[in-house]
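Structure first, then comments.
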DNA sequence: TCGAAATTGTGAAATAATGCACATGATTTG
DNA sequence: CAAATCATGTGCATTATTTCACAATTTCGA
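Residue numbers (the working numbering), protein chains in the order written: chain A, 42 to 258; chain B, 42 to 258.
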């Protein structure tokens, strides 16, 4: 299940976070940025920024700061986002449809190359992006054939595991799962779960405790 | 013994996670559930489940397990999801539209009561759920008037802060921010950020290191 | 050229979170 | 009714993560 790594996983999450303001700095021709500035914009501690980067090398200049463009390039190289990744998506409900059209993904180098739905009546419908919805039974063949890198699951919970199995069959290596169920996966496939209502529940808990005057994190 | 003073925030996140399978158990008339079973379904350690619950009380029976229905009720009470929460959403692009229609939210007791867009040309358009899109300038008055609990931001990054300011003006207490920028907020408003491409980047990093034969989590 | 200011990189301390292991209490079985 | 079994609750050791604090390095101005 879990092997050893010396890189804390919160560090990876934050590297992605840092890249947002860095992109802005590059676009606005701000050549140099300090760990303090970056930390402020990302809501973290400056020492944290430096330590996160230190896991991978020395990218800054003491007394000066970091070259925004260079640091951004390094972070992209570290994360693996310096190349295009292809994605297929299973479950073309409202959420699925919106993700396929999502500009942020495209801008960051992700490209949707196939869209599936378990309900074969949706098959054939053409999406604004040009893709046509395919029946889920096509997944193994299509995904293998296209050499798709990542899968996104946006089916209802009860169908998530079935969608996942089809993706495993296609030998996919990573899945972003938006359904509310945990998917059981073989060793060779990495699953990242994003349960949107969990996020809302977090918010609600904090508001509740705040209102009740209880101490909170 | 209920000691609410120092609740780890991962615990809160997991409580929400536990409620999913618990709901299924209740629906399928499975009255008793063990920490081991629950842990397995959520991909965590059984001791973790017990410890998480122990922060809030003793809900199980030694040698037996937990009453699914009762535990679910308790978790909902703890999280504050035992009542309806009203939501307004700002940014009616693809993502915003899909969230408004999202069934999961409705099932969990969240209700959208207003939808806004900064582009006033979208105003007046009626959504499938019955709401009509309003211009963002209406936020302060409308949100206050309706006593909305939570805000969701689904605008492009560059407009996120502006959307947030309008929500602050309406005295909103919590915001779920889907844009790729960190929003600066006053003390009195809690922000939860959900950057979807950060999730993808995590996945990509793990795949990269896997491919390169590097040790990983 | 020197000293002050700025800012990184990092060892070590502090804090936080997890998981083990076992005492405890419930239930079942022979 | 005793023994075996099961599963919770929890003290404590372990592991993970964050933050501090300061030496090292660069820049700038007098």
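Just so it is clear, CB atoms sit at the ideal spot from N, CA and C, and this is done for glycine as well.
Between residue 194 of chain A and residue 211 of chain A, which are expected to be in contact by the criterion C-beta below 8 Å, what is the C-beta distance as a whole number of angstroms? Actually they do not touch by this definition, with Cβ atoms about 13 Å apart.
- Task: Report yes if the CB atom of residue 222 of chain A is closer than 8 Å to the CB atom of residue 61 of chain B, and no otherwise.
- Result: Yes, these two residues count as a Cβ contact at 8 Å.
Task: CB of residue 187 of chain A within 8 Å of CB of residue 154 of chain A, strictly - done: Their beta carbons are under 8 Å apart, which means residue 187 of chain A touches residue 154 of chain A by this criterion.
Q. Three-state secondary structure (DSSP) at residue 158 of chain B?
A. Of the three classes helix, strand and coil, the one that applies to residue 158 of chain B here is strand, per DSSP.
field: Spatial distance of residue 198 of chain B from residue 176 of chain B (CA atoms)
entry: Approximately 18 Å between the Cα atoms of the pair.
task: Could you tell me how far apart the beta carbons of residue 75 of chain A and residue 106 of chain A are, in whole angstroms, since I believe they sit closer than 8 Å?
output: Residue 75 of chain A to residue 106 of chain A, Cβ: 4 Å. Contact.
TODO: Flag residue 223 of chain B as yes if its beta-carbon sits less than 8 Å from any beta-carbon of chain A, otherwise no.
DONE: Yes, its Cβ sits closer than 8 Å to a Cβ of chain A.
Could you check whether the Cβ of residue 174 of chain A sits closer than 8 Å to any Cβ belonging to chain B?
Output row for residue 174 of chain A: interface = no.
Please report the distance separating the alpha-carbon of residue 94 of chain B from that of residue 215 of chain B. If I take the Cα positions, the gap works out to 25 Å.
Against residue 83 of chain A, what residues of chain B qualify as contacts under a CB-to-CB distance less than 8 Å, listed in chain order? Ordered by position in chain B, the residues that pass the 8 Å Cβ test against residue 83 of chain A are 223.
> At a CB-CB cut-off below 9 Å, which residues of chain A make contact with residue 248 of chain B?
Replying inline: Neighbours of residue 248 of chain B on chain A, chain order: 121, 126, 190, 191, 214, 215 and 231.
Going by DSSP in three states, residue 134 of chain A sits in which element: helix, strand or coil? In this structure, DSSP gives residue 134 of chain A a state outside helix and strand, which the three-state scheme calls coil.
Subject >> chain B contact residues for residue 133 of chain A, given Cβ-Cβ distances below 9 Å >> reply: Neighbours of residue 133 of chain A on chain B: none; closest Cβ ~11 Å, over 9 Å.
Leaving out five residues on either side along the sequence, give the residues of the same chain with a beta carbon under 8 Å from the beta carbon of residue 70 of chain A.
Around residue 70 of chain A: no qualifying Cβ.
- Does DSSP classify residue 213 of chain B as helix, strand or coil? In the three-state reduction of the DSSP assignment, residue 213 of chain B falls in the coil class, being assigned neither a helical nor a strand state.
* Can residue 125 of chain A and residue 169 of chain A be called in contact, C-beta distance under 8 Å? -> Contact flag unset, no.
**Q.** Residues near residue 115 of chain A in its chain [Cβ-Cβ closer than 6 Å; skip 5 each side]
**A.** Closer than 6 Å at Cβ, skipping near neighbours: 100.
Discussion item. So that I know if they touch, is there some Cβ in chain B lying closer than 8 Å to that of residue 240 of chain A?
Written reply: By this cut-off, residue 240 of chain A is an interface position.
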